[in-house]
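Novice: Protein sequences, first through last, are from chains A and B.
Residue numbering for the first sequence follows the working numbering, beginning at 1 and increasing consecutively.
Residue numbering for the second sequence follows the working numbering, beginning at 1001 and increasing consecutively.
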Amino acid sequence: MLKYIYQRLLLLIPMLLGVSIFTFGLLQIVPGDPITGTFGLDVENMDDSQIERLREQMGLNDPIPVQYLRYLGRLLQGDFGRSISTRRPVSVDLVERYPATLLLALASLLIVVTISIPLGVISARYRNSWVDHIAMLVSLFGVSMPNFWVGIMLILIFALYIPVFPSFGMRSGIEGTFMSLVLPALTLGTSLAGFVTRLTRSSMLEVLSQDYMRTARAKGLTERASLIRHGLKNAFIPVITVLGLQFASLLSGSVVVERVFAWPGIGRFAVDAIARRDYPVIMGTVLIFATTFVFTNLILDILYVFFDPRIRYD
Amino acid sequence: MTTQEITTVTVNRSLWAETIRQLRRNVAAMVGLSILFILSLVAIFADQIAPHDPIKLDLLHPLQPPLTPGHILGTDDLGRDVLSRLIYGSRASLMVGFIVVGIAGTVGVILGAISGYFGGKIDMIIMRVVDVLFAFPFLILALAFVAILGPSLINMMLVLGMVSWIGYARLVRSVVLSLREMTFVEAAHSVGASDMRILFQHILPNVVGIVVVQATFGVAQAILAAAALSFLGFGVQPPAAEWGNMLTKMRDFMRAQPVLVVAPGMMIMITVLSLNFVGDALRDALDPYMRL
Chain A
1 MLKYIYQRLL LLIPMLLGVS IFTFGLLQIV PGDPITGTFG LDVENMDDSQ
51 IERLREQMGL NDPIPVQYLR YLGRLLQGDF GRSISTRRPV SVDLVERYPA
101 TLLLALASLL IVVTISIPLG VISARYRNSW VDHIAMLVSL FGVSMPNFWV
151 GIMLILIFAL YIPVFPSFGM RSGIEGTFMS LVLPALTLGT SLAGFVTRLT
201 RSSMLEVLSQ DYMRTARAKG LTERASLIRH GLKNAFIPVI TVLGLQFASL
251 LSGSVVVERV FAWPGIGRFA VDAIARRDYP VIMGTVLIFA TTFVFTNLIL
301 DILYVFFDPR IRYD
Chain B
1001 MTTQEITTVT VNRSLWAETI RQLRRNVAAM VGLSILFILS LVAIFADQIA
1051 PHDPIKLDLL HPLQPPLTPG HILGTDDLGR DVLSRLIYGS RASLMVGFIV
1101 VGIAGTVGVI LGAISGYFGG KIDMIIMRVV DVLFAFPFLI LALAFVAILG
1151 PSLINMMLVL GMVSWIGYAR LVRSVVLSLR EMTFVEAAHS VGASDMRILF
1201 QHILPNVVGI VVVQATFGVA QAILAAAALS FLGFGVQPPA AEWGNMLTKM
1251 RDFMRAQPVL VVAPGMMIMI TVLSLNFVGD ALRDALDPYM RL
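1. Beta-carbon within less than 6 angstroms of F289/A's beta-carbon, same chain only, minus the 5 sequence neighbours each way: which residues are those?
2. State the Cα-Cα distance for the pair I122/A and L208/A, rounded to the nearest angstrom.
3. Strictly under 8 angstroms for the Cβ-Cβ distance: is R1085/B near chain A by that measure?
4. Does R1255/B have its Cβ less than 8 angstroms from a Cβ in chain A?
5. Can you grab the Cα-Cα spacing for the pair N1155/B / F141/A, in whole Å?
6. Among S202/A, V90/A and G231/A, which one has its Cα closest to the Cα of Y212/A?
7. Leaving out five residues on either side along the sequence, give the residues of the same chain with a beta carbon under 6 angstroms from the beta carbon of P89/A.
8. Please go through the same chain and pick out, in chain order, the residues whose beta-carbon is closer than 6 angstroms to the beta-carbon of F1145/B, but skip the five residues on each side of it.
9. Can you pull the chain B residues whose beta carbon is under 7 angstroms from the beta carbon of A290/A, in chain order?
10. If we call anything under 8 angstroms between Cβ atoms a contact, is T1075/B one with L1063/B?
11. For a contact meaning CB atoms closer than 7 angstroms, what does V271/A contact in chain B?
12. Less than 8 angstroms separating the beta-carbons of I966/B and I1270/B?
13. Would you kindly work out how many angstroms separate the C-alpha atoms of V281/A and L1153/B, rounded to a whole number?
14. Any C-beta of chain B sitting closer than 8 angstroms to the C-beta of S91/A?
15. Would you list the residues sitting across from P89/A in a DSSP beta bridge?
16. Cα-Cα, which of F307/A, F269/A, G220/A and V242/A is closest to V95/A?
17. Grab the span of the alpha helix (DSSP H) containing R1113/B for me, first residue to last.
18. Grouping DSSP H, G and I as helix and E and B as strand, with all else coil, what is H1202/B?
19. Please work out which residues of its chain come closer than 6 angstroms, Cβ to Cβ, to G1167/B, disregarding the five sequence neighbours upstream and downstream, and give them in chain order.
20. Which stretch, first to last residue, makes up the alpha helix (DSSP H) that contains S1164/B?
21. Would you tell me roughly how many angstroms separate the C-alpha atoms of I266/A and G253/A, rounded to the nearest one?
22. Who are H1071/B's beta bridge partners in DSSP?
23. Interface residues of chain A around I1268/B at Cβ under 9 angstroms?
24. Determine, using beta carbons only, whether N61/A and R55/A come nearer to each other than 8 angstroms.
25. Could you say if the stretch 192 to 211 of chain A and the stretch 223 to 237 of chain A meet the contact criterion of at least three C-beta pairs nearer than 8 angstroms?
26. Chain B partners of V138/A, CB-CB under 9 angstroms?
27. Given 8 angstroms as the limit, is there contact between the stretch 1174 to 1187 of chain B and the stretch 1202 to 1215 of chain B, that is, 3 or more CB pairs closer than that?
28. Indicate whether L1057/B and R1085/B have their beta-carbon atoms separated by less than 8 angstroms.
29. Which residues in chain A have a C-beta closer than 7 angstroms to the C-beta of K1227/B? List them in chain order.
30. Between S252/A and chain B, is the shortest Cβ-Cβ distance under 8 angstroms, so that the two count as touching?
31. Since T1216/B and L1282/B are thought to touch, with beta carbons under 8 angstroms apart, how far apart are those beta carbons, to the nearest angstrom?
32. What is the DSSP secondary structure of A1142/B, counted as helix, strand or coil?
33. What are the residues in the stretch 277 to 302 of chain A lying within 8 angstroms of chain B by C-beta distance?
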């Protein structure tokens, strides 16, 4: 097991190299360079020698492979470069903002798991009952609403009409953080919750028709024990796979949701950087997103063993 | 050869006849199809239906409430007629949905089929590209590409097509991989059919069903993604009306005129919901074994 984790961690290196080369290459074909991005119209008031000096200072005149290697070298020392527009070290901003995004994504995941999985199991168990029909209709609505609009509606209802939760930013203190987290986390989780409910139901339906479920009941297990210990544990595997893959969609969604709620995470940071063509910031955020995704999949692969002892990684 | 063609045609017809029969028995699917039909009509005849010019400003009458004479849904912060903007907005959304799926589906099916059928080096290269693209959050990737090309409706469609073909490629590859081993492919080989002929005449027709299902959900996803991009300011640019960009300035007027933030999202939801109804029914009809 340890050996497997070690191998997976080694695989992380080429993966992240591939990702960083890809983004770096992407940014090379961007029309307009960071100088116009930073100074905007002021560039027209600078003379050529000034611009040239800035380019030299920022290392924009070196060959592209040199620029990439230099970036990579610094990256390995934890230096993500400085933001071209604010001059702050990117790593500082990332470290400051990353926990907020992770907190948001994990809170959404928690909501998804606590709502969708029981709902999916109940729907499957009472197939074609009114509970099932309502759950399926609601979850279809869930996947059909744009998440930023869900956020706007939640703000309208729970911040404006019935002012229970704050509508933007992140308050300090544990209680403040919790209260500010509720609406964004619900918003981010809605679509995934709908998807996972449907998946849990179909996966559970398949498991319920298996022989071992009949055996479990026949040997006198209670309905509850057979459903949870024999049913859910087996139905869980495809659900976990999807949760892992969909974690990326939560990160994607955080870009929009953080904008709606002015959440101080890296999603909003990334969008602003893209608008300003702030290369080091774009690279940094994308690398963080991709790394999170890769690590999530590692954790899930390990969870598989827990849920299905038949899987072994020797 | 003639016999063979005739057989193919009849088989296809019965599959689709059966599909249509099943769709017609599915209430949700019929509701969805009717809504989509009406929305398409609205998009096509927007010029005739819309009561006002969607981008004409009327700064003297901003934020009029719904049911104001002349403006059934009121006006926005710049005095533009909300109903007219919603009507014109259907054009952008539907167009994006179908064109993106057209691009992504074509590229994905061709690359996936080649990858699965020929295997070897080509397969490895295509699949490594797919893997790397999958490591990026979809929206971030789309944003980065839009930032390169510059925000506009056309660029948004190109970008969403470019980042969403990978799903079709993986799907088609996996199906082709199993079809490749079937007896009918071996039979085609033995009578001397060329690879291209086997791939396009014998294998791909069997992929159509799954791709159609995926494409229906794909249109829904493309519409949601396009709305998100426009909302963030990287898609359809104002003053042009699009359901997503109508919500960009939501904080400014949601207190004054909630209908301005409720209506555009409602339109997106209705459209996507209809597509999901149809997609669900198509999946049940075309591919009873596929989960979810």
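The C-beta atom is built at its ideal place from N, Cα and C for all residues, glycine as well.
Specialist: Walking through what the data contain:
1. Translated into the one-based positions of the first sequence, residue 289/A becomes position 289. These residues qualify, in order along the chain: L251.
2. Residue 122/A sits at position 122 when you count from the first residue of the first sequence. Residue 208/A sits at position 208 when you count from the first residue of the first sequence. C-alpha separation (whole angstroms): 12 angstroms.
3. Here residue 1085/B is taken as the residue at index 85 of the second sequence, counted from 1. By this cut-off, R1085/B is not an interface position.
4. The sequence position of residue 1255/B within the second sequence is 255, counting from 1. Chain A contact via Cβ: present.
5. For the purposes of this step, residue 1155/B is identified with residue 155 of the second sequence, where counting begins at 1. For the purposes of this step, residue 141/A is identified with residue 141 of the first sequence, where counting begins at 1. Cα to Cα, N1155/B sits roughly 29 angstroms from F141/A.
6. To locate residue 212/A, count along the first sequence from 1; it is residue 212. Per the Cα distances, G231/A.
7. Your numbering for residue 89/A matches position 89 in the first sequence. The answer, listed in chain order, is R82.
8. Locating residue 1145/B in the second sequence gives position 145, where the first residue counts as 1. Counting only Cβ-Cβ distances below 6 angstroms, and skipping sequence neighbours, we find V1159.
9. If you number the first sequence from 1, residue 290/A lands on position 290. By Cβ distance, chain B contributes A1135 and F1136.
10. By one-based count along the second sequence, residue 1075/B stands at place 75. By one-based count along the second sequence, residue 1063/B stands at place 63. Yes, they are a contact pair.
11. Here the question's residue 271/A lines up with position 271 in the first sequence. In chain order: L1143 and L1232.
12. Residue 966/B lies beyond the residue range present for chain B, which begins at 1001 and ends at 1292; the question has no answer from this structure.
13. Walking along the first sequence from the start, residue 281/A turns up at place 281. Walking along the second sequence from the start, residue 1153/B turns up at place 153. Roughly 26 angstroms separates the two Cα atoms.
14. Against the first sequence, residue 91/A aligns to sequence position 91. So, not an interface residue.
15. For the purposes of this step, residue 89/A is taken as residue 89 along the first sequence, with counting starting at 1. P89/A is bridged to R82/A.
16. In the first sequence, the residue the question calls residue 95/A occupies position 95. It is F269/A.
17. If you number the second sequence from 1, residue 1113/B lands on position 113. Inspection of the sequence shows that residue 1113/B is occupied by Ala rather than by Arg. Per DSSP, A1113/B belongs to the alpha helix (DSSP H) from V1082 to F1118.
18. The residue you call residue 1202/B lines up with position 202 of the second sequence. Helix, per DSSP.
19. Residue numbering aside, residue 1167/B sits at position 167 when the second sequence is read from its first letter. Cβ within range, chain order: n/a, list empty.
20. Sequence index remark: in the second sequence, residue 1164/B carries index 164 (1-based). Unbroken alpha helix (DSSP H) run through S1164/B: L1153 to L1179.
21. Your numbering for residue 266/A matches position 266 in the first sequence. Your numbering for residue 253/A matches position 253 in the first sequence. Their backbone Cα atoms lie some 12 angstroms apart in a straight line.
22. In the second sequence, residue 1071/B corresponds to position 71, counting from 1. H1071/B pairs with T1068/B.
23. Walking along the second sequence from the start, residue 1268/B turns up at place 268. Ordered by position in chain A, the residues that pass the 9 angstroms Cβ test against I1268/B are S144, M145, P146 and W149.
24. On the first sequence, position 61 is the one that residue 61/A refers to. On the first sequence, position 55 is the one that residue 55/A refers to. Yes, the Cβ-Cβ distance between N61/A and R55/A is below 8 angstroms.
25. yes
26. Against the first sequence, residue 138/A aligns to sequence position 138. Under the 9 angstroms cutoff, chain B gives no residues; its nearest Cβ is about 12 angstroms from V138/A.
27. yes
28. Within the second sequence, numbered from 1, the residue matching residue 1057/B stands at position 57. Within the second sequence, numbered from 1, the residue matching residue 1085/B stands at position 85. Not closer than 8 angstroms, so no.
29. Taking the first residue of the second sequence as position 1, residue 1227/B is located at position 227. Looking at the sequence itself, residue 1227/B is Ala, so the reference to Lys does not match. Within 7 angstroms Cβ-Cβ: P146.
30. Along the first sequence, one-based indexing puts residue 252/A at 252. Yes, because at least one Cβ of chain B sits closer than 8 angstroms to the Cβ of S252/A.
31. Walking along the second sequence from the start, residue 1216/B turns up at place 216. Walking along the second sequence from the start, residue 1282/B turns up at place 282. Yes, they are in contact, since the Cβ atoms of T1216/B and L1282/B sit about 6 angstroms apart, within 8 angstroms.
32. Working through the second sequence from its first residue, we reach residue 1142/B at position 142. Three-state DSSP puts A1142/B in a helix.
33. R277, I282, T285, V286, F289, A290, F293 and V294
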